[in-house]
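Residue numbers (our numbering): 32 to 345.
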């Protein structure tokens, strides 16, 4: 039996989340195959073939797959899983917006349970996943013939992007499912690292008071450190920061080498998204702020004074 990883890519290169998902797949046992479904994605398929541990890349290329619409990608995955011999024992997706959009469709059609957000593979049929906003860890054992999993990528080291020599095979591309259509997208572009892949993150909270203050205080420190910028849900809801900067259970799950939280009280949903960071620095003038309970370094101070001083000292 083999394990199938659904690659995330931009038709030119493989996204980092796929590398972490491959590591989880390797822990499941068996050969690891990677599906690259897109249009004009030969470069991405070739890159997938270089990932250490991957034994085969399946390249499905068609116009209907260009924008990775969930219904069409799910149909492509099902065509492989239901038509393969001897078959796939596991199908893995990164627990990203894209993966979470496709995985339930695959699991429902196969009539199996989806196991979400796994953080550890104990054995091929037993996994760990966080529950109650990360305050408890559930051990889940599945008797399903095919396990459909989403992988919390921050819990697994990234597989080496080079060093592999997997074969690349072509597969018939799925037809347009006809249930949705791509209208357009607005891509936010900046010179900062991607939030979920950044080694350093500087996050601001509602205490900053306004979008102007958020940029005035948080941005200089992030620039000095070469860091990504994050925000709490409260700051995003208040309009201080863009939605794609939100860190937390309802935002992005991150685990950088260094996480600096300025003016963030530490609500449970925020802690669930960043408490696996290697080093956490919290700056808050409230000595009772919950963020201090998970911080490695705590500074009880006014962020409007402390953060600029820190930026100046870097």
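C-beta: ideal position from N, C-alpha, C; glycine also. All values reported here derive from a predicted model rather than from experimental measurement.
Counted within 10 angstroms of its Cβ, other Cβ atoms place residue i as buried (16 or more) or exposed
i           : result
residue 317 : exposed
residue 290 : buried
residue 196 : exposed
residue 277 : buried
residue 148 : buried
residue 217 : exposed
residue 210 : exposed
residue 264 : buried
residue 307 : buried
residue 52  : buried
Spatial distance of residue i from residue j (CA atoms)
i           : j           : result
residue 223 : residue 275 : 13 Å
residue 297 : residue 171 : 28 Å
residue 99  : residue 161 : 28 Å
residue 228 : residue 185 : 9 Å
residue 68  : residue 135 : 18 Å
residue 96  : residue 201 : 14 Å
residue 131 : residue 113 : 20 Å
residue 214 : residue 101 : 14 Å
residue 251 : residue 320 : 24 Å
residue 119 : residue 326 : 42 Å
residue 145 : residue 181 : 8 Å
residue 158 : residue 204 : 32 Å
residue 242 : residue 324 : 27 Å
Own chain, CB closer than 7 Å to residue i, minus 5 neighbours either side, in chain order
i           : result
residue 193 : 81
residue 58  : 152
residue 137 : 105, 108, 109, 122, 179
residue 78  : 44, 45
residue 183 : 126, 148, 149, 150, 284
residue 86  : 62, 63, 64, 197
residue 207 : 95, 103
residue 50  : 82, 189, 190, 192
Cβ-based neighbour list, residue i, same chain, cut-off 8 Å, excluding 5 preceding and 5 following
i           : result
residue 239 : 245, 248, 249, 266, 271, 293, 294, 334
residue 328 : 310, 311, 312, 313
residue 300 : 164, 264, 279, 280, 281
Delimiting residues of the beta strand (DSSP E) encompassing residue i
i           : result
residue 292 : 289 to 293
residue 304 : From DSSP, residue 304 is part of no beta strand (DSSP E) but of the alpha helix (DSSP H) over 299 to 305.
residue 227 : Residue 227 -> no beta strand (DSSP E), and no H or E assigned at all.
residue 159 : 157 to 162
Residue range of the unbroken alpha helix (DSSP H) whose run includes residue i
i           : result
residue 73  : 73 to 80
residue 264 : 264 to 268
residue 108 : 101 to 114
CB-CB length for residue i against residue j, believed under 8 Å
i           : j           : result
residue 141 : residue 177 : 6 Å
residue 280 : residue 259 : Actually they are not in contact, since the Cβ atoms of residue 280 and residue 259 sit about 18 Å apart, beyond 8 Å.
residue 48  : residue 187 : Rounded, the Cβ-Cβ distance is 10 Å, inconsistent with contact.
residue 237 : residue 269 : 6 Å
6 Å Cβ shell around residue i - same chain, five flanking residues per side excluded
i           : result
residue 230 : 287, 288
residue 191 : 83
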